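**Student:**
There are 6 protein chains.
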Amino acid sequence: MSLMMQALEKAGILVEALPYIKQFYGKTIVLKYGGHAMKDQELKQAMMTDIVLMKYVGINPVLVHGGGPEINLLLERLGINSSFIQGLRVTDRETMEVVEMVLVGKVNKEIVSLINRHGGRAVGFSGKDGNLIEAQKKILVPLNGEEEMTYELGYVGEVARINPEIIQTVVDKGYIPVVAPIGVGLDGESYNINADYVAGAMAAALKADKLILLTDVEGIYGQYGDDTTLLSSIQLEEIPSLIHQGVITGGMIPKVQCCSQALQGGVVSAHIIDGRIPHSVLLEIFTDQGVGTMVSR
Amino acid sequence: MSLMMQALEKAGILVEALPYIKQFYGKTIVLKYGGHAMKDQELKQAMMTDIVLMKYVGINPVLVHGGGPEINLLLERLGINSSFIQGLRVTDRETMEVVEMVLVGKVNKEIVSLINRHGGRAVGFSGKDGNLIEAQKKILVPLNGEEEMTYELGYVGEVARINPEIIQTVVDKGYIPVVAPIGVGLDGESYNINADYVAGAMAAALKADKLILLTDVEGIYGQYGDDTTLLSSIQLEEIPSLIHQGVITGGMIPKVQCCSQALQGGVVSAHIIDGRIPHSVLLEIFTDQGVGTMVSR
Amino acid sequence: MSLMMQALEKAGILVEALPYIKQFYGKTIVLKYGGHAMKDQELKQAMMTDIVLMKYVGINPVLVHGGGPEINLLLERLGINSSFIQGLRVTDRETMEVVEMVLVGKVNKEIVSLINRHGGRAVGFSGKDGNLIEAQKKILVPLNGEEEMTYELGYVGEVARINPEIIQTVVDKGYIPVVAPIGVGLDGESYNINADYVAGAMAAALKADKLILLTDVEGIYGQYGDDTTLLSSIQLEEIPSLIHQGVITGGMIPKVQCCSQALQGGVVSAHIIDGRIPHSVLLEIFTDQGVGTMVSR
Amino acid sequence: MSLMMQALEKAGILVEALPYIKQFYGKTIVLKYGGHAMKDQELKQAMMTDIVLMKYVGINPVLVHGGGPEINLLLERLGINSSFIQGLRVTDRETMEVVEMVLVGKVNKEIVSLINRHGGRAVGFSGKDGNLIEAQKKILVPLNGEEEMTYELGYVGEVARINPEIIQTVVDKGYIPVVAPIGVGLDGESYNINADYVAGAMAAALKADKLILLTDVEGIYGQYGDDTTLLSSIQLEEIPSLIHQGVITGGMIPKVQCCSQALQGGVVSAHIIDGRIPHSVLLEIFTDQGVGTMVSR
Amino acid sequence: MSLMMQALEKAGILVEALPYIKQFYGKTIVLKYGGHAMKDQELKQAMMTDIVLMKYVGINPVLVHGGGPEINLLLERLGINSSFIQGLRVTDRETMEVVEMVLVGKVNKEIVSLINRHGGRAVGFSGKDGNLIEAQKKILVPLNGEEEMTYELGYVGEVARINPEIIQTVVDKGYIPVVAPIGVGLDGESYNINADYVAGAMAAALKADKLILLTDVEGIYGQYGDDTTLLSSIQLEEIPSLIHQGVITGGMIPKVQCCSQALQGGVVSAHIIDGRIPHSVLLEIFTDQGVGTMVSR
Amino acid sequence: MSLMMQALEKAGILVEALPYIKQFYGKTIVLKYGGHAMKDQELKQAMMTDIVLMKYVGINPVLVHGGGPEINLLLERLGINSSFIQGLRVTDRETMEVVEMVLVGKVNKEIVSLINRHGGRAVGFSGKDGNLIEAQKKILVPLNGEEEMTYELGYVGEVARINPEIIQTVVDKGYIPVVAPIGVGLDGESYNINADYVAGAMAAALKADKLILLTDVEGIYGQYGDDTTLLSSIQLEEIPSLIHQGVITGGMIPKVQCCSQALQGGVVSAHIIDGRIPHSVLLEIFTDQGVGTMVSR
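Protein chains in written order, with the working numbering: chain D, 1 to 297; chain G, 298 to 594; chain V, 595 to 891; chain S, 892 to 1188; chain P, 1189 to 1485; chain R, 1486 to 1782.
1) Can you pull the DSSP bridge partners for residue 968 of chain S?
2) Just the chain V side, please: which residues come within less than 8 Å of residue 906 of chain S by C-beta, in chain order?
3) Just to make sure I have the definition right: I need the residues of chain S whose C-beta is within less than 8 Å of the C-beta of residue 651 of chain V. Which are they?
4) Hey, is residue 1119 of chain S's beta-carbon within less than 7 Å of any beta-carbon in chain V?
5) According to the neighbour-count rule (16 or more other Cβ atoms, all chains shown, within 10 Å of its Cβ), is residue 1624 of chain R buried or exposed?
6) Under 8 Å by Cβ, that's how I've got residue 213 of chain D and residue 271 of chain D pegged, so tell me the actual separation to the nearest angstrom.
7) Consult DSSP for residue 1545 of chain R and reduce its assignment to one of helix, strand or coil.
8) Work out the CA separation of residue 1154 of chain S and residue 1136 of chain S for me, nearest whole Å.
9) With DSSP run on the structure shown, which of helix, strand or coil describes residue 1378 of chain P?
10) Shortest alpha-carbon distance to residue 525 of chain G belongs to which of G:534, G:536, G:515 and G:531?
11) If we count Cβ pairs, one from each stretch, closer than 8 Å, do we get three or more for the segment 1430-1448 of chain P versus the segment 1244-1264 of chain P?
12) Would you decide whether residue 1 of chain D is buried or exposed? Buried here means 16 or more other CB atoms lie within 10 Å of its CB.
13) Name the chain D residues that come within less than 7 Å of residue 322 of chain G, Cβ to Cβ?
14) Tell me, please, which residues DSSP counts as bridged to residue 1400 of chain P.
15) Rounded to whole angstroms, what's the CA-CA distance from residue 717 of chain V to residue 628 of chain V? Just pull it up for me.
16) Quick check on residue 569 of chain G - is its C-beta less than 7 Å from some C-beta in chain V?
17) For the pair the segment 1471-1480 of chain P and the segment 1539-1559 of chain R, tell me if three or more CB-CB distances fall below 8 Å.
18) Which residue comes first and which comes last in the beta strand (DSSP E) that contains residue 1236 of chain S?
19) Going by the DSSP bridge assignment, what does residue 1088 of chain S pair with across the sheet?
20) Can at least three beta-carbon pairs, one atom from the segment 1079-1086 of chain S and one from the segment 1041-1053 of chain S, be found at a separation below 8 Å?
21) Excluding the 5 residues flanking residue 1279 of chain P on each side, which residues of the same chain have their C-beta closer than 6 Å to its C-beta?
22) Mind checking if residue 1392 of chain P is an interface residue toward chain R, Cβ cutoff 7 Å exclusive?
23) State the CB to CB distance for the pair residue 98 of chain D and residue 115 of chain D, rounded to an integer number of angstroms; the pair is presumed to be in contact (CB under 8 Å).
24) Return no unless some Cβ of chain V is closer than 7 Å to the Cβ of residue 390 of chain G.
25) At 9 Å on the CB atoms, spell out the chain G contacts of residue 293 of chain D, in chain order.
26) According to DSSP, simplified to helix, strand and coil, what is residue 261 of chain G?
27) Can you find at least 3 beta carbon pairs, one from the segment 1587-1594 of chain R and one from the segment 1609-1616 of chain R, that sit closer than 8 Å?
28) Taking the CB atoms as reference points, tell me whether residue 1453 of chain R and residue 1543 of chain R lie closer together than 7 Å.
29) Which chain P residues are close to residue 1020 of chain S, counting only those with a beta carbon under 7 Å from its beta carbon?
30) Let's test the definition: count the other Cβ atoms within 10 Å of the Cβ of residue 474 of chain G and tell me whether it reaches 16, buried, or not, exposed.
31) When the Cα atoms are used, what is the spatial distance from residue 1586 of chain R to residue 32 of chain D?
32) If you measure between the beta carbons of residue 1656 of chain R and residue 1604 of chain R, is that distance less than 7 Å?
33) Helix, strand or coil, according to DSSP, for residue 765 of chain V in the structure here?
34) Report the partner residues of residue 518 of chain G according to the DSSP bridge assignment.
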């Protein structure tokens, strides 16, 4: 293919993107960034480029990130053992300190720096900055057969309230906010909150147009384990019966709940997409078919 | 190629555009639109899409258009004959009225309407609106052997001054200005001005980043008639000697002069590109090699 | 009368104008400009002065103009014949092109240029600019005894919607907008719309204080043909019975309907005045008795 | 003359005012108001109307007033005798208190209230408000043959500095400022300052376009006592020789000095006009010939 | 105590003020200034400092002042006798003129000048400035046994309406407004209004946080004459019964009514405090216990 | 002392603070926070109160903090040993990661949270946020007798450039910025920078009024070790000779250099004060004598 033909093809593809650019111009998109897309070097670079591109074509992206493996590494090096209840890490003060240092002092700043090097202007926040994320202690309901006394999770929190002013302040000046999912209690203590939930609550507080949760699966399957049964779209009201039928199970349940809360808070659509595909966020935004599963009203 | 592979390729191309989007973000680009690109239906649609895309990725395009064939058609239907001096149409009041009606009442509004239908928000202007283009009568210097008495060109004008306030007013509100090259004299009379010159002066008055002249040739050739000798870039100071050597000749001379004036007025680069290639403007802006010939300081 | 006495008298008249200046300070007045006042050179100059004066004493005038005779002249020269149904010109595409060229490319720009020369800062618009006037095809209801098949009027339109943003944008910057009554359909086609209706709809869309329709009669007469029976004021709710009684007839009926629609859209008063009197607009605004017929709620 | 003819004549006069309205649009005019024009009821009403009219046609008038007779009346009633040196009242603290009460508490507020009742929005200030007028003690140079010891004038001051922020603040919100010529010393004491001088300094500080001093004479005469020799215009540089020749004498000298200072401070023209003519300010602004004597550079 | 120890103690006290500074940051406090605090030199200086301090720590103070003794002095010197009905001075035009001159031309400007010398930026107003205080004639209801004919009070007024725009204009620019309690009738006449009532109405019109009335008593006593029974706080709804029981009597009744009106107009709390204590306003604002009696809802 | 007497004394102290409040109103003060004042619980609380108080009285404080002991603790727990050259820790990538996690993820957020709990609105930044602190590798010059090869310090940096936009953005919205002294290289790597130097460069970049360095000594002594010889003030030009004379030695030299750089960058005064005294910052700002040593031009 001649240089000119290649160039023409490129021009054609830019042109195809125009309707999507129009659609999301000036809109806010909250993105939960985590999993494989945060570990793989190539996926990471692709992600940062996508974020900066979104900003330049008039979209306001807001990132909320997780940080699992890095936390485990440091806990291990420090010889701190963790126990888990219902899949949640029991987080004492010492553990919490490690979680916060890793998320805020390492993971968050690495993302900020990467976006800056890709030509964006990022600013990182923890939930303490400007009191962004007010937290409350997470109260677990014991499952059948469990003993109640074991339910002290320590500094594991839930979002009590988002104060989005600091986010709005920096977005209005052209910055890309990057948020670590650390909340602050009324007691001034730090709380570790699931990043999906922070992203959902942030999307609702910012009246975002879209919430996108990056995961390590393709989306929601009609038949678990069968790739050909990916559901490209589900309705908010179908969720309870899909859970009841066992279509939505395990770790997908909390993700779907985040989507549900965001939609109820005014977000237009929520998306569970496959972070293992490079540029999956761009594909979600700039193609008709999208990727993964869309949850809408 | 699978759907997903195609999608990935598209994403890749969007990503490649990012450095160019960054570079021109918030910049003004003045575009002389005319020739083949204004007659061919497909090229026209491509052009409108390019303009709207530029606007959405943060560039401020300003169009100046010509309108040759439509003018001839109406003059012919009205039985008005024109004589020419040094290639310029002698323009009496009757002819001038036809020129203005066609350029302002037909060509300009068709472009405005097309941009609007492609999702932009265009507003058309003649040089009378807000006194945008102040004109003075063009004074021809007789060539050797010509009689002086024949040099009355009538309402053919030159740019005396651009008052860009009205352009800035609508650009600040997100509109795309489309300008017909009609100037207004101190006497309130209309003057027909070459669109290339209007574009050049407009670019200088708006402190534009780029001036792009769409033509029906590939650019400037080192050897006239030999396509393989296209000059991709020339310097402002080379122009006199290139004209002297006969490399730049004929109708290309005034175009190069427009570029020269724009650059002297503070424009960063001027481009003579081939309007017969679809999306040639996008290619110029969003690829490294560009298209046609760039004139720079 | 001595120079000083004359000067004192002048001062006295300026002072008499003060209450009216106060009353309309910062208000918008939409003016349908047409008929005799647009043909007679002296009336035209007087009108432009009035418009500029209004602007300087704090009123925001918006002009909508017609353009009848100029259109007929060009159609004739081009050998295009028109047929009429219920007084409306059947407008095929060729005719429409002529209408648009004359209104937008000639009449509109002449007015813009005249205002500028009188010291105002005018900007002309067609309904295509910024999608200002969205049109829909006019559907005629056959009168008794007429055949239905004859009712194709072509590109004759009605106002579907006014998008006044571009008007507001330029008014806020001190410009005087001048509007040609060309609408744009969803299909991107041009439609010829009666200027009175455009003025009425514009007045409603801009929440104007006054709508003034310049006509070639004194106003509405109690007894048709008897000048002494001029009605200086009628109420909105009297209109149906005045039409029923035959007091309002013929070409006055659509004018009264425009007034009625404007008033229902929030305009405070509408005026049908005699454009054959120089400065009739000033007289309407700056004297107690006004001129012509006022329609109010 | 018929009603319509009268109306037409009125319109014509409004139209004649347009060039002057254009000329002074957005400009500041400082007016020293005093003498006969402040005592005669009819002249007073005429003056207030003129002020409000100026405001409505886009001029920003700033008034500085005197207050002679009212001060004398109260001093007399209180049995306070005054001595004079070189025509200036020796002002002890008791006298100063009376001067301030009358100027600020009576004269100023009467003007403010009158303007408000004529439809303007006036706000009164003394030089203490916002530290508007900083004063310094006036130092008299003894004339030949006078004894030095007698030169204590008490609280008679000169303008040391104008702080125009408070004036600008209220003008920007559409108010008409009315200023009493009381200055404040560094010691916090009140000083009585000649209103002409305050007006001149105010005009310079506000970068006014015009300074107008209302007097009880027609202007400056070429031959003192001969009304036919009124000088309609003099140049700044002529002043010294006109004083030397005895053309400008007595109380006119300080007035001309004020004009001179204002012009040197950047004011375009200064006018000494006859306040005994109703609407003399309007005549000055809105007619070609003006009234009185203009001093310009 | 060493220098350092003293310094530390000072720091501690500043720190104690912080919660109160936070509480009133950006809030408006209307202060009726009168009585002893206006006569005693030391109290006066203390008051001015307090006002300036309030402004610097982010509070917006608005002063309304009285002026009793100064008025009497001048009336006496002019030989004007006053009669009183129900404790109100019968105010003929001559008396009114004296009242206005003293309040506006003397008392108001002295306060303005004092604040300026303490480092604030004050501007004085009468109710005529910007039509700030619209007044209506006060109508007295004859008490039992009184003859009706005697009830003509002359120019004694009540607040009909506050137009707070001019206050807001200067507060927004950092000035401290000082208001003399003179109202203006629809007839343009001046009216003398009780300063407490003006302060109460002003507080309501400005949506103030606090109204503070400086008096010459400690506050409201449970047992009249017994200092130990000072009520530190009463509720709005208790007022009628406290009056009925004779706890609130005499001159305290109108003061409590002002408080009541302010609270009903949206003011958060109203305070009757002892102006004889230096810095009593600061103590009210910056200490927990406050001073005097607080009226709240 | 009675309650009232105590209250009066408090009021007096507030009043004494007024001149200082005036002086620093709207000014920026950059504060290096570290040493004892950051370890002692009581000093910490006092500091936070001071910061919030400063903000409320109109000062804009910007904090730059250190974090020594916490870093050592974590390095120790992780078994990472450090070597030192010329007193600077050789910082390999592993060490740098620990430094950044502790400073940004722990120390910074604790300060932010503490300020928020004291009623301020703090936001924390690392030098990566908005590219706030651009760093370059620190190049050590070997001392006499040292081998060159040992001079690789790793990720120890110097300030190359401050980009203060993000600080200005949040200050304009009322936030208090808290900055961790981590810089970012052109390579995107993190660099550890001495907090004193960051504070000095920040003060210059923000055109601050004051730079305050909190230390664990009283200030600069004339005779080292003799408390009675504290220098309360030195001039910029005295510094070289004071170093030469051995008056300024050891760890005080870099601190004085920071002050010097800040002053050369336009800061008005720089202060080395004793952080071991509670509220020492308030004492510096709000008392005449100040505390510690002031460096000025």
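Even for Gly, the Cβ is constructed at its ideal location relative to N, Cα and C.
As the structure is a prediction and not an experimental result, all values here were calculated from the model.
**Tutor:** Reading it off the structure:
1) Note: residue 968 of chain S sits in no beta bridge, so no partner.
2) 640, 643, 644, 647, 873 and 876
3) 912, 947, 948 and 949
4) no
5) exposed
6) 7 Å
7) strand
8) 22 Å
9) strand
10) G:515
11) no
12) Model confidence at residue 1 of chain D stands at a pLDDT of 47, short of 50, so the residue's coordinates are unreliable; what they give is reported in the following sentence. When all chains shown are included, residue 1 of chain D counts as exposed.
13) Those within 7 Å of residue 322 of chain G in chain D are 56.
14) BP columns for residue 1400 of chain P point to P:1219 and P:1459.
15) 18 Å
16) No, no contact with chain V.
17) no
18) Residue 1236 of chain S lies beyond the range of chain S shown here (892 to 1188); nothing can be said about it.
19) According to DSSP, residue 1088 of chain S bridges with nothing at all.
20) yes
21) For residue 1279 of chain P, where only same-chain residues beyond five positions count, the Cβ hits under 6 Å are 1342, 1343, 1344 and 1380.
22) Taking a beta-carbon distance threshold of 7 Å, residue 1392 of chain P does not count as an interface residue toward chain R.
23) At roughly 25 Å, the Cβ-Cβ gap does not stay under 8 Å, so residue 98 of chain D and residue 115 of chain D are not in contact.
24) So no, residue 390 of chain G is outside the interface.
25) Here the premise fails: no neighbours, minimum Cβ distance about 15 Å.
26) Nothing about residue 261 of chain G can be reported from this structure: the residues present for chain G run from 298 to 594 only.
27) Between the segment 1587-1594 of chain R and the segment 1609-1616 of chain R there are three or more C-beta pairs closer than 8 Å, enough to call the two in contact.
28) No answer is possible for residue 1453 of chain R: it lies beyond the span of chain R, which begins at 1486 and ends at 1782.
29) Within chain P, the residues near residue 1020 of chain S are 1300, 1311 and 1312.
30) buried
31) So the alpha carbons of these two residues sit roughly 22 Å apart.
32) No. Outside cutoff.
33) helix
34) G:527
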